[in-house]
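>
Protein chains: 2
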Amino acid sequence: MYKNAEIIAIGNELITGDVIDTNSALIAKSLLALGIETSIHTSVGDDESQIISLLSTALKRSELIFITGGLGPTDDDITAKVVAKCLNRDFVLKEEIWEHIKKLLGNTGREIYPFNKKQAYIPKGAKYFLNYSGTAPCILLEEGKKRIFLLPGVPSEVSYFIDKEIKHYLAELNNSKIKIKKIKLSGISEAKVNEVIKDIVDKNPTGIAFLPKSSELVIKITAKAKTENEALQIVDETTQEVVYRLKNYVFGYDDDSIEYLLKDLLTENNLTIAVAESCTGGYISKLLTDVPGSSKYISTNVVTYSNKAKMNLLKVSQNTLEKHGAVSEQTAEEMAIGIKNLSKCDIGLSITGIAGPDGGSPLKPVGLVYVGITNGKYSKTEKFLFPEKLPRTEIRTRAAYKALQVLRSFILEMTN
Amino acid sequence: MYKNAEIIAIGNELITGDVIDTNSALIAKSLLALGIETSIHTSVGDDESQIISLLSTALKRSELIFITGGLGPTDDDITAKVVAKCLNRDFVLKEEIWEHIKKLLGNTGREIYPFNKKQAYIPKGAKYFLNYSGTAPCILLEEGKKRIFLLPGVPSEVSYFIDKEIKHYLAELNNSKIKIKKIKLSGISEAKVNEVIKDIVDKNPTGIAFLPKSSELVIKITAKAKTENEALQIVDETTQEVVYRLKNYVFGYDDDSIEYLLKDLLTENNLTIAVAESCTGGYISKLLTDVPGSSKYISTNVVTYSNKAKMNLLKVSQNTLEKHGAVSEQTAEEMAIGIKNLSKCDIGLSITGIAGPDGGSPLKPVGLVYVGITNGKYSKTEKFLFPEKLPRTEIRTRAAYKALQVLRSFILEMTN
Chain V
-1 MYKNAEIIAI GNELITGDVI DTNSALIAKS LLALGIETSI HTSVGDDESQ IISLLSTALK
59 RSELIFITGG LGPTDDDITA KVVAKCLNRD FVLKEEIWEH IKKLLGNTGR EIYPFNKKQA
119 YIPKGAKYFL NYSGTAPCIL LEEGKKRIFL LPGVPSEVSY FIDKEIKHYL AELNNSKIKI
179 KKIKLSGISE AKVNEVIKDI VDKNPTGIAF LPKSSELVIK ITAKAKTENE ALQIVDETTQ
239 EVVYRLKNYV FGYDDDSIEY LLKDLLTENN LTIAVAESCT GGYISKLLTD VPGSSKYIST
299 NVVTYSNKAK MNLLKVSQNT LEKHGAVSEQ TAEEMAIGIK NLSKCDIGLS ITGIAGPDGG
359 SPLKPVGLVY VGITNGKYSK TEKFLFPEKL PRTEIRTRAA YKALQVLRSF ILEMTN
Chain X
-1 MYKNAEIIAI GNELITGDVI DTNSALIAKS LLALGIETSI HTSVGDDESQ IISLLSTALK
59 RSELIFITGG LGPTDDDITA KVVAKCLNRD FVLKEEIWEH IKKLLGNTGR EIYPFNKKQA
119 YIPKGAKYFL NYSGTAPCIL LEEGKKRIFL LPGVPSEVSY FIDKEIKHYL AELNNSKIKI
179 KKIKLSGISE AKVNEVIKDI VDKNPTGIAF LPKSSELVIK ITAKAKTENE ALQIVDETTQ
239 EVVYRLKNYV FGYDDDSIEY LLKDLLTENN LTIAVAESCT GGYISKLLTD VPGSSKYIST
299 NVVTYSNKAK MNLLKVSQNT LEKHGAVSEQ TAEEMAIGIK NLSKCDIGLS ITGIAGPDGG
359 SPLKPVGLVY VGITNGKYSK TEKFLFPEKL PRTEIRTRAA YKALQVLRSF ILEMTN
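From first to last, the protein sequence lines are chains V and X. Numbering of the first sequence is given in my numbering, commencing with residue -1 and proceeding in unit increments. Numbering of the second sequence is given in my numbering, commencing with residue -1 and proceeding in unit increments.
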């Protein structure tokens, strides 16, 4: 039973902050789903002595070691060679890997350079998995009972190897006895949630965590037990109790995202939707269409940034704009009706607000946002006020997700 | 002269992978701009013994220690208390911080709970900076010659403290003798760049790094020298040589982003732009409007996901759609002309393609994308083929950035 892992991310670009390490989180998450806990993530530069010292320490304290980065074709990438040295292994060419790299580069019309061959060298005795998403293979070293995985640094390639190879390899090593449930909430603060479920948290101090994001608040419930059934029972009972107390704020579970929940809601009810955006400038449309198959319920969205565009495309009246302004309940409502009519869909959603940093006034400060929604028979608007000091991107993100929550509540009201 | 730092990020949510640590990169980047190098980033959970062991090690090897996370009001957040214990200091209430927190919560209409008071406790003798963006203060400990900063875990708050307080504090401690220049390229692979400038890289092995991203390739040139002028000279000479060899691919420097470069190009030339998107579903519009002040050159963008929307809003002809399909050079061109006419702007940009995972065919595979552009007098289209195996989000990201590059080249051609 392998149950503790550590992750080492290598690259000067990580240490300087030029690139954010998303791989460690991806690996840790995937491991946890298999019942393997990670205790420490470390990032260092492409530096031989630092890599050797870190790997030596890791071999003393962890059963599974995941090293990501530094497998590229250029000279600054030294991970595989240094790991071979640290483990006293030769560094050898694998013809199969080299043939695969040449074929892959040829197939995508890229040139083959002599230095591409570097990626076909691995520590002697290592296993490897070929890469169909990039050129560097994933290298697996069995060092006594320890297992060391060398992964590329490109996130999509790490994701590829985890899904296609490593998950299956580890599943054979272990049987999971950890169960996790995430409850996703919107419209309530972390402090308020903590107050409402404090007794549950106190009873279960390590098993409940809060993960606040711009778009949602996640309560994560973790249970460990001797058997899988036991762990499952603990998670289920705790989840039920939490959901019972916070049911008005719960919008999903586990990997549910509001975009995907909306897909289900819209397709189940055979509804189509169109969005007219001002302050979010296309962000809501982008989020909705991140979902594969969203073309089934989306045909037309518009970004009407100027008053003229609001009048021409959405038929917002000049009188409304002059009397109440572009950022107003009335404009939001007329935009929602306008996009519904323009797109001939079932639900029209609109947003108008001030994302900043300029354009605010004492009466209409930066952070003021109105969301409008209509199904033709019934329309409503909601007002939001985000803290003025937040950066523009954060205000836009929060506003876009709030609009999606308004859409979800509206469909639930419509269909219940 | 303080010149070496390390960063410790604390939080169970980091170790489990539920949250990606963006703070370490942000801190490292800000430090480097001040001439301070970071050698190691470590993340651990909210665990007393791990925090104490890590801080003890850090105090031996680093002059500046930045600890982020674990300053929240809830019981799982233990950083400040554990640091006090590790340094043998009492943990004391600061009335000024508590008053500030109460005022801040009151001002934004939030409730004040007894446990909010926890955030007003700091290690005895510590300095602190009040938080106007959230509730946890930034705590500064002077431990002999070492400096320890405790920062909240919320990225916007970290950014706030770095900009408003820490930069100024560190600037007084040090004078920077490191100079950095970034050259931003598009339309060329890392391997090709490496070939073209290999001799420069070999001459300067630690000073040149490649940072490939979905949207661009960055060459980062770093120079250290005894004096600032000397460092500047090295960076300038290397930059000139690199740019001379790769000038056709260079689109910007340092923190230039294509969105901001487009703002300058459009406003300097007094041009307006409108975008019609299919496969990117609003992402291009979102990127363009991420820039404050973009309302000066953007009034209307549309997402026409269905054929009907392309015909109704953009006047793409039924004949074109039937004969060539929605993903074709012809449709891209008609969409560009259509959005130009609809919005009455100077330049119409369009994109149509297959983002996957479904919808591909042998003739038109997933990853096929056409970008169209017109200024009314002159139109052109460009075809791109992204690897079919890439995830939908990656194809959409790359496609959106390629379209922005097409827009930039087009404006440069138009105006030169």
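Heads up, the beta-carbon is just placed ideally off N, CA and C, and yes, glycines get one too.
Using only CA atoms, which one of V/ALA207, V/ILE181, V/LEU260, V/LYS321 lies nearest to V/ASP253?
Position 255 of the first sequence, counted from the start, is the residue given in the question as residue 253 of chain V. Selected option, being the one with the closest Cα: V/ILE181.
> For chain V, check one thing: does any of its Cβ atoms lie closer than 8 Å to the Cβ of X/ASP19?
Numbered from 1 along the second sequence, position 21 holds the residue referred to as residue 19 of chain X. Yes, X/ASP19 counts as interfacial toward chain V.
> Please report whether the beta-carbon of V/PRO363 lies at a distance below 8 Å from any beta-carbon of chain X.
Indexing the first sequence from 1 puts residue 363 of chain V at position 365. No, its Cβ sits nowhere closer than 8 Å to a Cβ of chain X.
> Ends of the alpha helix (DSSP H) at X/GLU141?
What you label residue 141 of chain X is simply residue 143 of the second sequence in a count that begins at 1. Where X/GLU141 is concerned, there is no enclosing alpha helix (DSSP H), although the beta strand (DSSP E) it sits in stretches over 136 to 141.
> Mind listing the chain V neighbours of X/ILE296? Cutoff is C-beta to C-beta under 7 Å, in chain order.
Looking up residue 296 of chain X in the second sequence gives position 298. Residues of chain V passing the Cβ test: TYR303.
> Run through DSSP, which three-state label would V/TYR295 get?
Indexing the first sequence from 1 puts residue 295 of chain V at position 297. In this structure, V/TYR295 counts as coil in the three-state DSSP scheme.
> Run through the segment 243 to 309 of chain V for me and flag every whole alpha helix (DSSP H) of 4 or more residues, listed as ranges in chain order.
256 to 266, 281 to 287
> In the segment 39 to 102 of chain X, which residue ranges form an unbroken beta strand (DSSP E) of at least 3 residues, counting only runs that do not cross its ends?
62 to 66, 89 to 91
> Does DSSP put X/LYS211 in a helix, a strand or coil?
Along the second sequence, one-based indexing puts residue 211 of chain X at 213. Here X/LYS211 sits in coil by DSSP.
> With DSSP as the reference, identify every bridge partner of X/ALA7, one or two as the case may be.
Counting from 1 along the second sequence, the entry for residue 7 of chain X is found at position 9. DSSP output for X/ALA7 lists X/SER41, X/THR66 as bridge partner(s).
> Helix or strand or just coil, what does DSSP make of V/LYS177?
What you label residue 177 of chain V is simply residue 179 of the first sequence in a count that begins at 1. Strand at V/LYS177.
> Comparing C-alpha positions only, which one of X/TYR247, X/THR220, X/SER157, X/LYS122 sits nearest to X/ASP234?
Taking the second sequence and counting its residues from 1, the one referred to as residue 234 of chain X is at position 236. Residue X/THR220 is the option with its Cα nearest to X/ASP234.
> Please list the partners that X/LYS338 has in chain V, where partner means a Cβ-to-Cβ separation under 7 Å.
Sequence index remark: in the second sequence, residue 338 of chain X carries index 340 (1-based). Per Cβ cutoff of 7 Å: no residues; X/LYS338 is ~14 Å from chain V at best.
> Does the distance from the CB of V/VAL369 to the CB of V/THR379 come in under 8 Å?
Numbered from its first residue, the first sequence carries residue 369 of chain V at position 371. Numbered from its first residue, the first sequence carries residue 379 of chain V at position 381. Yes; because the gap between Cβ atoms is below 8 Å, this pair is in contact.
> Using beta carbons (cut-off 8 Å, strictly below), is X/ALA3 in contact with chain V?
Numbered from its first residue, the second sequence carries residue 3 of chain X at position 5. By this cut-off, X/ALA3 is not an interface position.
> Taking V/LEU32 as part of the alpha helix (DSSP H), name the residues at either end of that continuous run.
For the purposes of this step, residue 32 of chain V is identified with residue 34 of the first sequence, where counting begins at 1. No alpha helix (DSSP H) holds V/LEU32; DSSP gives it neither H nor E.
> Counting along the chain, where does the alpha helix (DSSP H) carrying X/PRO153 start and finish?
Counting from 1 along the second sequence, the entry for residue 153 of chain X is found at position 155. From DSSP, the alpha helix (DSSP H) with X/PRO153 extends over 153 to 159.
> To the nearest angstrom, how far is the alpha carbon of V/PHE95 from that of V/LEU148?
By 1-based counting over the first sequence, the position of residue 95 of chain V is 97. By 1-based counting over the first sequence, the position of residue 148 of chain V is 150. According to the sequence provided, residue 95 of chain V is Ile. The question's Phe does not apply to it. Approximately 15 Å, taken between the alpha carbons.
> Does V/LYS208 get closer than 8 Å to chain X when you measure Cβ to Cβ?
The count along the first sequence starts at 1 and reaches residue 208 of chain V at position 210. It is worth fixing the name first, because residue 208 of chain V is Phe in this sequence and not Lys. Output row for V/PHE208: interface = yes.
> Classify V/SER377 as helix, strand or coil using the three-state DSSP reduction.
Residue mapping note: residue 377 of chain V aligns to position 379 of the first sequence, counting from 1. Strand.
> Leaving aside the five residues before and after V/GLU141 along the sequence, list all residues of the same chain whose C-beta is less than 8 Å from its C-beta, in chain order.
Within the first sequence, residue 141 of chain V is the residue found at index 143, counting from 1. If we look at V/GLU141 and ignore the five residues flanking it on each side, its Cβ neighbours are LEU57, LEU85.
> If you compare alpha carbons, which of X/LYS144, X/ASN192, X/SER131 is closest to X/LYS162?
For the purposes of this step, residue 162 of chain X is taken as residue 164 along the second sequence, with counting starting at 1. Nearest C-alpha to X/LYS162: X/SER131.
> Within a Cβ cutoff of 7 Å, which residues of the same chain sit near X/ILE13, ignoring the five residues on either side of it in sequence?
For the purposes of this step, residue 13 of chain X is taken as residue 15 along the second sequence, with counting starting at 1. So the qualifying residues of the chain are SER41, VAL42, GLY43.
> Is any beta-carbon of chain V found at less than 8 Å from that of X/SER156?
For the purposes of this step, residue 156 of chain X is taken as residue 158 along the second sequence, with counting starting at 1. A small correction: the amino acid at residue 156 of chain X is Val; Ser does not occupy that position in the sequence shown. So no, X/VAL156 is outside the interface.
> Select from the segment 125 to 146 of chain X all residues with a C-beta closer than 7 Å to any C-beta belonging to chain V, and list them in chain order.
TYR130, SER131
> Apart from the five residues on each side of it in sequence, which residues of its chain come closer than 6 Å, Cβ to Cβ, to X/ILE409?
Along the second sequence, read from residue 1 onward, the residue named residue 409 of chain X stands at position 411. Hits under 6 Å: LEU263.
> Starting from the beta carbon of V/ASN114, find every residue of chain X whose beta carbon is closer than 8 Å, and list them in chain order.
Here the question's residue 114 of chain V lines up with position 116 in the first sequence. Here the neighbours are ALA189.
> Tell me the DSSP bridge mates of X/TYR126?
Position 128 of the second sequence holds residue 126 of chain X. According to DSSP, X/TYR126 bridges with X/ILE137.
> For a contact meaning CB atoms closer than 9 Å, what does V/ILE38 contact in chain X?
Here the question's residue 38 of chain V lines up with position 40 in the first sequence. The answer, in chain order, is ILE13, THR40, SER41, VAL42, GLY43, GLN48, LEU52.
> Within its chain, find whatever has a CB closer than 6 Å to the CB of V/VAL273; leave out the 5 residues flanking it on each side and keep chain order.
On the first sequence, residue 273 of chain V is found 275 positions in, with the first residue counted as 1. Only ILE282, SER283, ASN299, LEU347 meet the Cβ criterion.
> Check the C-beta distance from X/THR237 over to X/LYS179 and give it rounded, since I have them as a contact under 8 Å.
On the second sequence, residue 237 of chain X is found 239 positions in, with the first residue counted as 1. On the second sequence, residue 179 of chain X is found 181 positions in, with the first residue counted as 1. The Cβ separation is near 5 Å, so the contact holds.
> What number of angstroms, rounded off, separates the C-alpha of V/ILE296 from the C-alpha of X/PHE127?
Residue 296 of chain V sits at position 298 when you count from the first residue of the first sequence. Residue 127 of chain X sits at position 129 when you count from the first residue of the second sequence. So the two alpha carbons sit approximately 48 Å from each other.
> Which whole-angstrom value is the C-beta distance of X/LYS122 and X/ARG87, which I expect to be below 8 Å?
One-based indexing of the second sequence puts residue 122 of chain X at position 124. One-based indexing of the second sequence puts residue 87 of chain X at position 89. Confirmed, Cβ separation roughly 5 Å.
> Using a Cβ-Cβ cut-off of 7 Å (strictly less than) and excluding sequence neighbours within five positions of X/HIS322, which residues of its own chain qualify?
As a first step, residue 322 of chain X must be located in the second sequence, where it is residue number 324. Only GLN328, THR329 meet the Cβ criterion.
> If we call anything under 8 Å between Cβ atoms a contact, is V/GLY280 one with X/THR395?
In the first sequence, residue 280 of chain V corresponds to position 282, counting from 1. In the second sequence, residue 395 of chain X corresponds to position 397, counting from 1. Result no, Cβ atoms of V/GLY280 and X/THR395 do not sit closer than 8 Å.
> So who's on the other strand from V/LEU347, going by DSSP bridges?
For the purposes of this step, residue 347 of chain V is taken as residue 349 along the first sequence, with counting starting at 1. According to DSSP, which records beta bridges pairwise, V/LEU347 is partnered with V/VAL273, V/ILE371.
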